[in-house]
Amino acid sequence: MRKKKELSGKVGAAGAIRERPVLDLGELPERERARALRAFERLAPGDSLEVAVRRQPGPLFFELQNHCGRDFYWWPLERGPLVWRAMLSKPAHGAQPTVASVMGADHYRLHELWREFELTAELCQIDALHRRLGELSLGLRRYIDIEEAVLFPLLEAQTGMDGDGAIGAMRSEHREIERVVDQLDKLRLTRDCATILQTFDQPVEPMALFRSHYRKEEAVLYPLMDMVFSHAEERELLSLIQAFEI
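Following this note's numbering, the numbering of the sequence shown begins with 541 at its first residue and continues without gaps.
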């Protein structure tokens with residue numbers, strides 16, 4: 541077994557992972573959407589807010605888009621059927637949202653989720669652990685889907701690139717990441733913390749694979765986008781990413 545990691549600031553004095561505060565919006569009537577907007581406005585730049593609703597949160601998304609334009613990040617955490625949870629985040633102060641910054645913020649969020657998953661497994665907090673597994677699975681699959689359904693096809697259409705170059709290599713890495721996610725999904729069926737920890741007790745941790753993939757994006761994907769897309773096209777891309785699988 542690998543050496544136990546030091547516990548982060550998200551672990552309380554009693555050794556428990558502190559759950560994020562959640563704004564429960566019920567069935568999402570108009571007054572609750574207004575309450576969510578006020579709560580979002582009160583966030584400091586770079587901070588996040590988790591919301592829970594009892595129906596698909598499309599109306600809240602469109603309120604945010606009308607109110608904030610592209611100046612918000614939106615990540616699903618749970619997709620029904622009884623509750624939908626999502627994370628809303630403000631860009632850092634003075635930051636102009638770009639495709640690279642939005643995808644980079646999601647990468648950082650997924651890295652933090654992985655750390656929380658490991659800590660909840662080591663502390664054997666099984667309910668929190670299963671929530672983190674679900675959030676990781678949804679987040680990683682969505683990240684891959686955005687690249688393969690939105691970013692890669694647009695780049696290939698603009699540049700004439702085929703599937704054998706850098707984008708082809710990133711697609712291959714997606715398949716490796718998906719195999720990790722398949723393992724995460726299976727682990728949601730067990731309540732044995734030792735089994736969960738041993739599954740990822742290996743020399744190269746899965747998030748190292750994801751970090752390597754993101755470095756390729758920074759070195760190849762985002763500079764290429766800067767070269768081939770106009771500002772107007774990038775704004776349209778941002779809207780597509782925001783609205784992806786609301």
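Don't be surprised by glycine CBs; every beta carbon is placed ideally from N, CA and C. Everything numeric in this text was worked out from a predicted model, so none of it was measured.
Spatial neighbours of GLU691 within its chain, please: CB distance less than 8 Å, with the 5 preceding and 5 following residues excluded, ordered by chain position. The residue you call residue 691 lines up with position 151 of the sequence shown. Note on identity: in this sequence residue 691 is Leu, with Glu being the wrong assignment. Same-chain partners within the cutoff: VAL639, LEU761, MET765, LEU777.
Residue span of the alpha helix (DSSP H) that contains SER770, given as start and end: The residue given as residue 770 occupies position 230 in the sequence shown. Element bounds for SER770: n/a, residue is neither H nor E.
Contained alpha helix (DSSP H) runs [length at least 4] in the region 715-743, N- to C-terminal order: 733-739
Closest Cβ-Cβ distance between GLY674 and chain B: below 8 Å? Here there is only one protein chain, and chain B is not present.
Looking at the structure shown, is LEU622 part of a helix, part of a strand, or coil, going by DSSP? Stepping through the sequence shown from its first residue, residue 622 is reached at position 82. Looking at LEU622 - three-state DSSP - the assignment turns out to be coil, as it is neither helix nor strand.
How about GLY586 and ALA632: are their beta carbons less than 8 Å apart? Position 46 of the sequence shown, counting from 1, holds the residue named residue 586. Position 92 of the sequence shown, counting from 1, holds the residue named residue 632. Yes; because the gap between Cβ atoms is below 8 Å, this pair is in contact.
Expressed to the nearest angstrom, what Euclidean distance is found between the alpha-carbon atoms of LEU547 and ARG610? The residue you call residue 547 lines up with position 7 of the sequence shown. The residue you call residue 610 lines up with position 70 of the sequence shown. Note that LEU547 scores a pLDDT of 36, beneath 50, so its modelled location is shaky; the value from the coordinates is reported in the next line. Rounded to whole angstroms, LEU547 to ARG610 spans 35 Å at the Cα level.
Report the residue ranges of all alpha helix (DSSP H) runs contained in full by the region 647-709; include only those spanning at least 4 residues, in chain order. 666-686, 692-699
Quick check on the DSSP output: the alpha helix (DSSP H) that includes ASP603 runs from which residue to which? For the purposes of this step, residue 603 is taken as the residue at position 63 of the sequence shown. Inspection of the sequence shows that residue 603 is occupied by Glu rather than by Asp. 598-608 is the span of the alpha helix (DSSP H), which, as asked, contains GLU603.
Output yes or no for whether 8 Å exceeds the beta carbon distance between ARG595 and TRP614. As a position in the sequence shown, residue 595 is number 55, starting the count at 1. As a position in the sequence shown, residue 614 is number 74, starting the count at 1. It is not a contact, given that the beta carbons lie outside the stated cut-off.
Should the region 640-654 be regarded as contacting the region 718-727, the criterion being three or more beta carbon pairs within less than 8 Å? no
Identified DSSP bridge partners for VAL593: The residue given as residue 593 occupies position 53 in the sequence shown. Partner(s): TRP624.
What whole-angstrom Cβ distance do LEU669 and ILE736 have, given they're in contact under 8 Å? Sequence index remark: in the sequence shown, residue 669 carries index 129 (1-based). Sequence index remark: in the sequence shown, residue 736 carries index 196 (1-based). Rounded, the Cβ-Cβ distance is 7 Å, consistent with contact.
What does the Cβ neighbour count give for PHE580, buried or exposed, with the cut at 16 atoms within 10 Å? Working through the sequence shown from its first residue, we reach residue 580 at position 40. That one is buried.
Over the uninterrupted beta strand (DSSP E) stretch that includes LEU563, give me the two end residues. The residue labelled residue 563 in the question sits at position 23 within the sequence shown. Counting along the chain, the beta strand (DSSP E) containing LEU563 begins and ends at 562-564.
Taking C-beta to C-beta, are ARG682 and PHE784 nearer than 8 Å? The sequence position of residue 682 within the sequence shown is 142, counting from 1. The sequence position of residue 784 within the sequence shown is 244, counting from 1. Yes; because the gap between Cβ atoms is below 8 Å, this pair is in contact.
Between the Cα of VAL593 and the Cα atoms of GLU757, LEU622, SER752, which residue gives the shortest distance? On the sequence shown, position 53 is the one that residue 593 refers to. The option with the nearest alpha carbon to VAL593 is LEU622.
So PRO746 is in the alpha helix (DSSP H); what residue range does that whole segment cover? Along the sequence shown, read from residue 1 onward, the residue named residue 746 stands at position 206. Note, PRO746: alpha helix (DSSP H), 746-756.
Would you kindly report the start and end of the unbroken alpha helix (DSSP H) that includes ALA579? Looking up residue 579 in the sequence shown gives position 39. Where ALA579 is concerned, the enclosing alpha helix (DSSP H) stretches over 570-582.
Helix, strand or coil, according to DSSP, for PRO859 in the structure here? In the structure displayed, the chain extends from 541 to 786; residue 859 sits before or after that span and is not available.
Taking LEU694 as the reference, give the member of ASN606, ARG728, GLU773 with the closest Cα. The residue given as residue 694 occupies position 154 in the sequence shown. Selected option, being the one with the closest Cα: GLU773.
What's the call for ALA689, buried or exposed, on a 16-neighbour Cβ count within 10 Å? Here the question's residue 689 lines up with position 149 in the sequence shown. Per the 10 Å Cβ criterion, exposed.
Straight-line CA distance for HIS607 to CYS733? On the sequence shown, position 67 is the one that residue 607 refers to. On the sequence shown, position 193 is the one that residue 733 refers to. So the alpha carbons of these two residues sit roughly 43 Å apart.
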